[in-house]
Each structure stands twice: as structure tokens, then as C-alpha cells.
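Comments concern the structure below.
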Amino acid sequence: MRTLTLLLLAFAVVSCQPGVVGNGKVVKRVIPVDDFDQLEVNGAYMIYVRQGDEPNLEIEMDENLFDYLEIDQNEGELEIESERMISKAEARNIYITVRNMRHININGANELETRGGLKGRSLSVEANGATEMRVEFEGSRLSVESNGGSDLRFRGTVGELQFEVNGASEINALEMKALRADVSVAGAADVLVWAEEELSINASGASSVKYKGNPTINKSTSGASSVSRKTE
């Protein structure tokens with residue numbers, strides 16, 4: 671019982687710590703990085719990702735916020751987060767150039783946008799919390815896992831598309847042309863998907879799946895979930 675009390679007390683102390691306020695002096699810094707193909711960002715940043723010949727990382731934000739910034743690289747993964755919650759800032763932008771992106775993991779209240787689109791064999795995306803994403807990708811396979819209240823939009827062309835969606839997330843992939851798509855959705859999530867050949871759907875709770883294209887459909891629904899063709 672004493673251990674539980676101490677844990678609860680520690681959590682309360684951390685939760686009550688005030689967020690950091692930016693000093694209003696916005697600066698941009700280039701951070702040296704090695705080659706990477708996996709990205710994880712935790713916090714509340716605006717993230718811009720582009721594909722290029724050399725890896726690059728530039729961060730633009732209030733000068734004092736760099737004191738709380740943590741950047742780690744390990745076995746091809748670049749991880750970015752803040753030691754303290756940022757309550758107010760003039761800017762908190764992250765500009766990333768990557769040669770080949772295989773995995774994106776975004777947690778918190780981040781926003782991510784690809785510029786110019788990404789190309790590769792496969793890309794996996796994980797979004798947790800209140801994340802917003804606008805991703806353009808062309809490749810063989812795109813897999814997406816979303817939890818919480820994320821708002822994700824995808825465009826491009828893939829052979830295989832896989833969605834695993836939970837909570838109150840909204841997924842719009844009507845501009846992501848897939849030959850085959852596999853959608854698993856639960857909770858109160860909404861998914862819009864485009865499949866041309868095959869579409870497998872497992873929907874539960876109060877979730878909704880709408881699709882376009884003329885695929886062969888294999889579906890399983892329960893609760894108040896629904897599956898329908900997109901008519902608009």
C-alpha cells in the first residue's frame with residue numbers, strides 16, 4: 671500500500687509541473703545526424719518530412735526550448751522529444767530530410783506533413799494521441815496503426831494497404847490507391863479507403879468504414895459498426 675501511495679504521489683508531482691514557456695526569440699539550428707530510416711517524435715511539434723540524398727535535421731523554435739530538447743539515434747532510429755511539456759511557444763518546427771523512411775512513430779499532439787511525397791518499398795506508420803498527419807507515399811506496402819483521437823490523411827499508390835484503428839481516430843485514404851486493403855477498426859473510429867481488387871474489413875463498436883473502388887469484399891461487423899460504399 672505504501673508503494674502505491676508513493677507512486678501516486680510521484681505522478682501527482684510530475685503532473686502538476688508547469689509547462690515551459692518559450693522566450694519568443696525564434697532560432698533555427700542544424701543538428702548533425704547519421705543516416706536513419708526510422709523516426710519517433712514525442713510531444714507537440716510541427717514536423718515536415720521530405721526525401722533527399724542526404725539525411726538532415728533542422729529545428730526551429732524558441733531559443734530557450736532547446737535546453738529541454740532530447741535527440742537520440744540508435745540503430746537507424748532518430749528519436750526526438752522534450753524533457754518538459756511546452757505550454758507556449760512562438761515556433762516548434764522540425765524539418766527532416768531522409769533518404770529512405772521505413773517507420774514513423776508519432777505520439778502526443780504532433781502534426782506531421784510530408785513534402786514532395788515519399789517513395790520506398792514499404793512504410794509503417796504509428797500514431798498515438800491527438801496526432802495529425804498528411805502523408806504521401808508510393809511503394810509496395812503501407813501499414814498504419816492509430817490509437818486515440820488521431821486525424822490521418824494519406825495519398826499515393828500502394829500494392830497493399832493495412833489499417834489497424836482504435837479509439838476515435840479518423841482516417842481518410844480516398845486518395846491512396848491500393849490494389850488490396852485490410853482494415854481492422856474498433857471503437858468510434860471512421861475510415862475511408864480506396865481498394866481496387868480486394869478489401870478485407872473487421873469492424874466493431876460504433877466504427878464506420880466507407881470505401882471506393884470495385885474490390886472483392888470480405889467483411890465481419892459487430893455492434894453498431896457499419897460498412898458502405900462511398901457515394902459522393
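All you need for our numbering is the position in the sequence shown, starting with 1, plus 670.
Think of the CB as a built atom: it goes at the ideal place given N, C-alpha and C, for glycine as much as any other residue.
A894 burial status per 10 Å Cβ neighbour count (16 or more: buried): That one is exposed.
Cβ pair S874, S892 closer than 7 angstroms: It is a contact, given that the beta carbons lie within the stated cut-off.
Rounded straight-line distance, which links the Cα of L862 to that of K880: Roughly 5 angstroms between the two C-alpha positions.
Distance CB(N763)-CB(E796) smaller than 7 angstroms: The beta carbons of N763 and E796 sit no closer together than 7 angstroms.
E760 in three-state terms, based on DSSP: Here E760 sits in coil by DSSP.
Burial state of N884 (16 or more Cβ within 10 Å): With fewer than 16 other Cβ atoms within 10 Å, it is exposed.
6 angstroms CB neighbourhood of D852 in its chain, flanking five on each side removed: Closer than 6 angstroms at Cβ, skipping near neighbours: Q832 and S870.
Within-7 angstroms CB hit, G799 to chain C: The structure shown contains no chain C; it holds only a single protein chain.
Cα-Cα separation between R899 and S854, rounded to whole angstroms: Spanning the two alpha carbons is a distance of roughly 17 angstroms.
Exposed unless 16 or more other CB atoms sit within 10 angstroms - verdict on R672: Since pLDDT at R672 reaches only 39, below the 50 mark, its modelled position is unreliable, and the value read off the structure follows with that caveat. Under this definition R672 is an exposed residue.
Buried/exposed call for G722, threshold 16 Cβ in 10 Å: That one is exposed.
Coil, strand or helix - D707 by DSSP: Coil, per DSSP.
Which of helix, strand or coil DSSP assigns to Y738: In the structure shown, Y738 falls within a helical segment according to DSSP collapsed to helix, strand and coil.
Within 7 angstroms, strictly: CB atoms of L727 and I756: Using a Cβ distance threshold of 7 angstroms, L727 and I756 do not count as a contacting pair.
Local Cβ density within 10 Å of N744, reported as buried at 16 or more and exposed below that: Exposed: under 16 other Cβ atoms inside 10 Å.
Cα-Cα separation, A859 to V805: Rounded to whole angstroms, A859 and V805 show a C-alpha spacing of 19 angstroms.
Top-ranked residue by Cα proximity to T662, from M771, L788, L793 and S839: Here the chain covers residues 671 to 902 and nothing more, so residue 662 does not appear.
Length of the line joining the Cα atoms of S890 and L822: If you take the alpha carbons of S890 and L822, they lie about 23 angstroms apart.
Buried versus exposed, by CB contacts within 10 Å (16 or more), G713: Looking at its Cβ environment, which holds 16 or more other Cβ atoms inside 10 Å, G713 is buried.
Inter-residue Cα distance where the pair is G689 and I750: Those two C-alpha atoms are separated by around 18 angstroms.
Separation of A856 from S816, as counted between CA atoms: Taking the straight line joining both Cα atoms gives about 11 angstroms.
Closest residue to M731 among V700, R720, L782 and V719 (Cα-Cα distance): Cα-wise, what sits closest to M731 is V700.
DSSP state of E724 mapped onto helix, strand, coil: For E724, the three-state secondary structure derived from DSSP is coil.
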